[in-house]
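Numbering (the numbering used here), first residue to last: -11 to 425.
From the three backbone atoms N, C-alpha and C, an ideal C-beta is built for every residue, glycine too.
Following: one structure in structure tokens, then a few remarks.
So this is what it looks like as structure tokens:
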């Protein structure tokens, strides 16, 4: 089977290269043409892996929320990509990379189509992060409007600053695969969305001037676990694919760092949840794996394996503490912990580049490897500027949605469940779904 796989890959490369030769009327296959062909295949396959993460997000969010909203979450994860892909094709790519001349991918060649295909799935990831934090009480029409604006304008603007040659790129801000560009953008949007939307009914109960926090468990932990494993799998496309070169020798170290950070994050979250709660908590441990993945995404190229373990482990600790702080101190209702996983740990991972970059790859050296404070300062500027941009942009967006189409369903619709009230559907036909809490 292994030999068959190798032969199949070589055949794909040969026929792709041959097709390019035929199309371009070129002479025999050159090393450059072969390299371009491998990269073409590499980026399309890696983009497909990242697209598969949509299924992971859908499973995680569904498993960690109530059964009566499962179809609604599936619809949101389907449509934020569908709406987002169309608007990213129309204007998002042009804002982020191509300039006005490439609106609707006008005049694009094969390399631009390849790059768009890899980048659109990143835009979709940033958009879908918000779904879980606003689960159980958001109007479906409001979510569609949000998806349109974040994929078409908000994400591309800050993305241009960093990956499109903008002002942060000129400062040498480093975010290899998107701890800030993708994950913190989605996390801070989730923060503002959950804050403006308000908590689910019965989540925070005020008695004698004190706020009591009611835990609302998810309905299917195995489904959430499946989602995390899918996301971990897809993350190899996210990080290793961001080498943007199918012949790069850096692919291996990026994949190793991704693996180690996720494992360390899961272990760190399990450990601290065990200490705090007396038992190792499954949902916290699963979010710890995601926290490690988010944390290493910025520095996957420039860190050592040891650095990846440290970054991932600290992310695992941070995510548990952040979830508790956001829930019990700030009283912001985030059913899946997306703000902590993507926003907070995305910021930590981006900052960690200024500490753990070894100087061996990427042309960046962190403080702990003799690089001084400069990179740490630049990373801090990037984190802060993207945070401020997202707070401002999404506050305007969510309030605009609130006063136009409306942001939140009625109390009756929330109790009934969004599957029925928003979609006239049942996710678990024949099973008793409690609609009085």
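Apart from the five residues on each side of it in sequence, which residues of its chain come closer than 8 Å, Cβ to Cβ, to residue 349?
-> Locating residue 349 in the chain shown gives position 361, counting from the first residue. The answer, listed in chain order, is 238, 241, 289 and 290.
Grouping DSSP H, G and I as helix and E and B as strand, with all else coil, what is residue 191?
-> The sequence position of residue 191 within the chain shown is 203, counting from 1. Note: residue 191 maps to coil in three-state DSSP.
Return the residue from the list 76, 22 and 283 that minimises the CA-CA distance to residue 342.
-> For this step, residue 342 is matched to residue 354 along the chain shown. With distances taken between Cα atoms, residue 342 lies closest to 283.
How about residue 310 and residue 175: are their beta carbons less than 8 Å apart?
-> Here the question's residue 310 lines up with position 322 in the chain shown. Here the question's residue 175 lines up with position 187 in the chain shown. Not closer than 8 Å, so no.
Compare the beta carbon distance of residue 212 and residue 224 with 8 Å and say whether it is the shorter of the two.
-> Taking the first residue of the chain shown as 1, we reach residue 212 at position 224. Taking the first residue of the chain shown as 1, we reach residue 224 at position 236. Taking 8 Å as the Cβ cut-off, residue 212 and residue 224 do not qualify as a contacting pair.
Minimum C-alpha distance to residue 456 - residue among 270, 135, 314 and 337 = This structure leaves residue 456 out entirely; the chain is present only between -11 and 425.
Measure the CB-CB distance between residue 167 and residue 334 and report whether it falls below 8 Å.
-> Here residue 167 corresponds to residue number 179 of the chain shown, with the count starting at 1. Here residue 334 corresponds to residue number 346 of the chain shown, with the count starting at 1. Yes. Within cutoff.
Shortest alpha-carbon distance to residue 82 belongs to which of 69, 104 and 67?
-> Looking up residue 82 in the chain shown gives position 94. Measuring from the Cα of residue 82, the nearest candidate turns out to be 104.
Taking three-plus beta-carbon pairs below 8 Å as touching, is the stretch 50 to 63 in contact with the stretch 407 to 418?
-> The stretch 50 to 63, when compared against the stretch 407 to 418, does touch it at the 8 Å Cβ threshold.
Under the three-state reduction of DSSP, which class applies to residue 396: helix, strand or coil?
-> Your numbering for residue 396 matches position 408 in the chain shown. Reduced to three states, the DSSP call for residue 396 is strand.
Tell whether a beta-carbon distance below 8 Å holds between residue 143 and residue 111.
-> Walking along the chain shown from the start, residue 143 turns up at place 155. Walking along the chain shown from the start, residue 111 turns up at place 123. Contact: yes.
Less than 8 Å between the CB atoms is what I'm expecting for residue 152 and residue 85, so what's the real figure, rounded?
-> Reading the chain shown from its first residue, position 164 is the one you call residue 152. Reading the chain shown from its first residue, position 97 is the one you call residue 85. Right, the Cβ-Cβ distance comes to about 5 Å (below 8 Å), so this counts as a contact.
Classification of residue 10 by the beta-carbon crowding that lies within 10 angstroms, buried from 16 upward | To locate residue 10, count along the chain shown from 1; it is residue 22. Residue confidence is low: residue 10 scores 44 on pLDDT, short of 50, so the model does not pin down where it sits. No coordinate-derived value is stated.
When 307, 398 and 265 are compared against residue 281, the one with the closest alpha-carbon | Within the chain shown, residue 281 is the residue found at index 293, counting from 1. It is 307 whose Cα lies nearest to the Cα of residue 281.
Contact set for residue 222: own chain, Cβ-Cβ below 7 Å, skip 5 residues either direction | On the chain shown, residue 222 is found 234 positions in, with the first residue counted as 1. Excluding sequence neighbours, residue 222 sits near 37, 38, 40, 41 and 44.
Counting along the chain, where does the alpha helix (DSSP H) carrying residue 64 start and finish?
-> Here residue 64 refers to the residue found at position 76 when the chain shown is read from its first residue. Where residue 64 is concerned, the enclosing alpha helix (DSSP H) stretches over 58 to 75.
Please confirm if residue 256 has its CB atom under 8 Å from at least one CB of chain D.
-> This model lacks chain D altogether, as it is built from one protein chain only.
Sequence-distant residues of its chain with Cβ nearer than 7 Å to residue 431 (five each side left out) | Nothing can be reported for residue 431, as the shown portion of the chain is limited to -11 through 425.
What residue ranges within the stretch 179 to 264 form continuous beta strand (DSSP E) runs of no fewer than 3 residues, ordered along the chain?
-> 192 to 195 and 198 to 201
Looking at C-beta atoms only, is the number of pairs between the stretch 58 to 74 and the stretch 121 to 136 that lie closer than 8 Å three or more?
-> Verdict: yes, contact present.
Are the CB atoms of residue 305 and residue 266 nearer to each other than 8 Å?
-> Mapped onto the chain shown, residue 305 falls at position 317. Mapped onto the chain shown, residue 266 falls at position 278. Here residue 305 is not near residue 266, since their CB atoms are 8 Å or more apart.
Could you tell me how far apart the beta carbons of residue 156 and residue 373 are, in whole angstroms, since I believe they sit closer than 8 Å?
-> If you number the chain shown from 1, residue 156 lands on position 168. If you number the chain shown from 1, residue 373 lands on position 385. With a Cβ gap of about 7 Å, residue 156 and residue 373 count as contacting.
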